[in-house]
Amino acid sequence: MMTWKTLMSPDSASPLMEQLTFLHDHALMILLMITVLVGYLMASLFVNKFNYRYLLEGQTIEMIWTILPAVILIFIALPSLRLLYLLDEVNNPLVTVKTIGHQWYWSYEYTDFANIEFDSYMIPSNEMEDYHFRLLDVDNRIAVPYNSQIRMIVTAADVLHSWTIPTLGVKIDATPGRLNQISFLLNRTGIFFGQCSEICGANHSFMPIVMESISPECFISWIYNMSEI
Amino acid sequence: MPSLETAPFDPRFPNTNQTRYCYSSYLDFYRCQKVKGESYKPCQYFKKVYNSVCPNSWVEKWNDQREDGTFPAKI
C-alpha cells in the first residue's frame, strides 16, 4: 500500500505490475541520463572560456545528435510495445468475481459455485481499532486464491466509479449498464488496498477496496463459510 | 471440495466490454430451453456462464421482466 514514503511504484503483487515497474524504471533511467547530460552541458557552458567567432556548420555532429535520439527512442519503444501487447493477452480464468460500485460502497458477488454476495463498507474513523488503517480498511474484504488467474467484472449501480488496486497494476472504470472485464494473477499472499478512482459524490474518498490473497484451500473453506451466511 | 471453474474465455468477446457475453448467454439459455426442452442438459452451459458473468441484480430484473411479459428481446 502507499504511505507518505512511497515515491515511486509500490511493490508489485502481480507479474504484470512487476513488468510495468521494470519498464518505468528502465525509461526513467534513460530520462535521468539524458537530463544529467544536458544539465552538465549547460552548466559547463556557463563556466567555460571557449569561443569561436567563425562557426558555421558541423555536419558530423549534427548527424550524431539526430541518429542517437532515434536510437534511444527505439530502446524505450520496444519494451513498451512488448508490455502493451502482454497486457492484452488472453487468459483462462479460474474464478470470476463481480464488483458493483454504489454510492458509497462496493458490493461483491461470487456466483461460480454458490450465490455469495456481500457489501464492503469503509470502517469509519470513529469505529476504528488500533490495527486498522485509517480510511482504507473495510468490514468485508474480497478473498481470492493466489497463483490463479482471476477475472474481475466491474460495473456500477448508479454513477461512474473506478475499481483499482495499485499493487496489481489494475484500474478499471465501473460504468452503469456496462460490464468491464479485467484479469490478473496474484503471486503472493497478503492484503492489498485501493481506493475508488472516479469522482462519484460526497463520499468518493471513503469507499476503499481491500483484497486478501489466500491459498486455494483457504479460499475454498472461505467460500463454504460465506455461502452458509 | 468443489473444483474451481468459471465461464471460459469466449473469442466472440475478446475485449474489455463483456456486457454482450452476459446478455447473449442469458438469451441463449432461455432460447435453448424453449427449443430443446427444460431437461436438455447442454443448455446448462449458458446458465453457468450467465450466472458467473452477469450481476445478480441484472438477472433478477430480467427474470421479473420475463414473468411480466415485458422482456425486450424475443425468446
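Residue numbers (this note's numbering), protein chains in the order written: chain C, 1498 to 1726; chain V, 8 to 82. In this text, a Cβ means the ideal position worked out from N, Cα and C, and glycines have one as well. On a predicted model such as this, the values are computed, not experimentally measured, just so you know.
Run through the DSSP bridge pairs and tell me what residue i is partnered with.
i	result
Arg1648/C	Thr1593/C and Ser1680/C
Thr13/V	Note: Thr13/V sits in no beta bridge, so no partner.
Lys1668/C	Thr1661/C
Ala1640/C	Glu1709/C
Ala1567/C	None, per the DSSP bridge assignment.
Asn24/V	Asn1677/C
Ala1653/C	Gly1598/C and Pro1673/C
On the CB-based measure, 16 or more other CB atoms within 10 Å of its CB, does residue i come out buried or exposed?
i	result
Ala1540/C	exposed
Arg27/V	exposed
Leu1591/C	buried
Trp1501/C	exposed
Trp1562/C	exposed
Asn1548/C	exposed
Pro18/V	exposed
Asp1609/C	buried
Ile1564/C	exposed
Ala14/V	buried
Lys1595/C	buried
Met1499/C	exposed
Val56/V	buried
Val1587/C	exposed
Can you find the residues in the same chain that come closer than 8 Å, C-beta to C-beta, to residue i, ignoring five residues on each side of it along the sequence?
i	result
Phe1681/C	Ser1511, Leu1513, Gln1646, Ile1647, Met1649, Leu1665, Gly1666 and Val1667
Ile1711/C	Ala1640, Val1641, Pro1642, Tyr1643, Thr1686 and Trp1719
Phe78/V	Trp69 and Gln72
Ile1531/C	Ile1569
Arg1617/C	Just to set this straight, residue 1617/C is Ser in the shown sequence, not Arg. Excluding positions up to five away in sequence, the list reads Tyr1602, Trp1603, Ser1604, Tyr1605, Val1635, Asp1636, Asn1637, Arg1638, Ile1639, Ile1706 and Val1707.
Excluding the five sequence neighbours on either side, which residues of its own chain have a C-beta within less than 6 Å of the C-beta of residue i, listed in chain order?
i	result
Trp65/V	none
Met1723/C	Ile1613
Leu1517/C	Gly1666
Glu1709/C	Arg1638, Ala1640 and Ile1688
Thr1557/C	none
Tell me which residues share the same chain as residue i and place their Cβ nearer than 7 Å to its Cβ, disregarding the 5 neighbours each side in the sequence.
i	result
Cys50/V	Phe36, Cys39, Gln40 and Lys43
Leu1584/C	Leu1513
His1599/C	Ala1654 and Asp1655
Phe1572/C	Ile1527
Problem set entry | Touching by the beta-carbon criterion (3+ pairs, under 8 Å), the region 1611 to 1627 of chain C and the region 1667 to 1674 of chain C | With fewer than three CB-CB distances shorter than 8 Å, the region 1611 to 1627 of chain C does not count as touching the region 1667 to 1674 of chain C.
For this session: Tell me, please, whether the region 43 to 56 of chain V touches the region 1688 to 1695 of chain C by the rule of three or more beta-carbon pairs shorter than 8 Å.
Result: no
Exercise. For the 8 Å Cβ check, are there 3 or more pairs between the region 1652 to 1666 of chain C and the region 1599 to 1617 of chain C?
Worked result: With the cut-off at 8 Å, the region 1652 to 1666 of chain C and the region 1599 to 1617 of chain C touch.
Exercise. Do the region 1574 to 1592 of chain C and the region 1519 to 1531 of chain C meet, that is, are 3 or more Cβ pairs less than 8 Å apart?
Worked result: yes
Exercise. In the region 1586 to 1635 of chain C, which residue ranges form an unbroken alpha helix (DSSP H) of at least 4 residues, counting only runs that do not cross its ends?
Worked result: none
Exercise. What are the complete beta strand (DSSP E) segments, minimum 3 residues, inside the region 1680 to 1707 of chain C?
Worked result: Fully enclosed beta strand (DSSP E) runs of no fewer than 3 residues occupy 1687 to 1692 of the region 1680 to 1707 of chain C, in order along the chain.
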